[in-house]
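Take a look at the structure below.
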Amino acid sequence: MANLVPEKLNDFRVYRDGNNLLGIADVQLPSFEAMTETVRGAGIAGEYESPNIGHFQSMKLTLNWRVLNNDFASLLEPRVISFDCRGANQVLDASSGVYSQVPCRVFVRGTPTKNDLGKMEKGSPYDASNDIEITYIKIEIGGKTLVELDKLNYKYVVNGVDYLADVRKALGL
Numbered sequence: 001m002a003n004l005v006p007e008k009l010n011d012f013r014v015y016r017d018g019n020n021l022l023g024i025a026d027v028q029l030p031s032f033e034a035m036t037e038t039v040r041g042a043g044i045a046g047e048y049e050s051p052n053i054g055h056f057q058s059m060k061l062t063l064n065w066r067v068l069n070n071d072f073a074s075l076l077e078p079r080v081i082s083f084d085c086r087g088a089n090q091v092l093d094a095s096s097g098v099y100s101q102v103p104c105r106v107f108v109r110g111t112p113t114k115n116d117l118g119k120m121e122k123g124s125p126y127d128a129s130n131d132i133e134i135t136y137i138k139i140e141i142g143g144k145t146l147v148e149l150d151k152l153n154y155k156y157v158v159n160g161v162d163y164l165a166d167v168r169k170a171l172g173l
């Protein structure tokens with residue numbers, strides 16, 4: 001029986017429109033923060049935050065750059081852009097001592113909302129960054145889709161269950 005220990009991200013690349021974005025230092029992935037409403041009233045001992053199923057606060061993908069270049073500058077275009085973040089998760093089988101690499105993919109679509117040029121300092125990276133407002137995200141591990149959120153098309157799938165299917169049906173979509 002395998003005793004799999006997920007250790008780390010071995011390496012990653014970011015692609016825009018099929019082209020590798022060279023100069024990326026790292027990527028800050030978004031948080032899934034549900035939109036909520038406080039529920040209180042008769043028959044409830046106190047109050048609680050109720051999530052609006054499938055609805056999330058603003059979600060940002062942040063690309064951090066070592067240097068300014070054409071790829072960074074192209075993200076100043078005010079249009080929807082797709083990014084394919086692909087990684088290799090390093091996993092150790094503790095029972096056999098064998099390492100393996102499991103593909104990890106985070107695909108997003110969104111519009112640039114902030115472009116920080118960073119600072120110029122001799123012998124240092126610029127530390128420039130772009131924030132992308134996400135309207136679509138899909139997370140795959142080992143070729144299996146774990147999460148898919150499409151804010152504009154009322155789709156929220158986790159482990160194969162579409163939690164907005166009934167909402168689409170009720171809305172006649």
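Going letter by letter, the sequence shown gives residues 1 to 173 in full-length UniProt numbering. We put the CB at the ideal spot given by N, CA and C, even for glycine. In this text the structure is predicted, and so the values were computed from the model without any measurement.
Asked: For the segment 61-80 and the segment 32-52, state whether three or more C-beta atom pairs, one from each stretch, are separated by less than 8 angstroms.; Found: no
Asked: Could you work out which residue in N52, L29, E33 is closest to Q39 when comparing CA atoms only?; Found: What sits at residue 39 in the sequence shown is Val, not Gln. The option with the nearest alpha carbon to V39 is N52.
Asked: Closest to N10 by CA distance: which of E37, N89, F107, L173 is it?; Found: N89
Asked: Using C-beta distances below 6 angstroms, list every residue in its chain close to S129, excluding the 5 sequence neighbours before and after it, in chain order.; Found: T62, N64, D116
Asked: Start and end of the beta strand (DSSP E) containing residue 205?; Found: Coverage of the chain is limited to positions 1 through 173, which leaves residue 205 absent and any answer about it impossible.
Asked: My guess is that A34 and H55 are in contact by the Cβ rule of under 8 angstroms, so how many angstroms apart are they, rounded?; Found: 7 angstroms
Asked: Measuring CA to CA, which of T135, V91, V157 is closest to N3?; Found: V91
Asked: Helix, strand or coil: which one does DSSP assign to N159?; Found: coil
Asked: With which residues is G110 paired in a DSSP beta bridge?; Found: I81, I134
Asked: Within its chain, find whatever has a CB closer than 8 angstroms to the CB of P78; leave out the 5 residues flanking it on each side and keep chain order.; Found: T111, P112
Asked: Are there 16 or more other CB atoms within 10 angstroms of the CB of V14, so buried, or fewer, so exposed?; Found: buried
Asked: Among G160, M120, V158, I137, which has the Cα closest to the Cα of L68?; Found: M120
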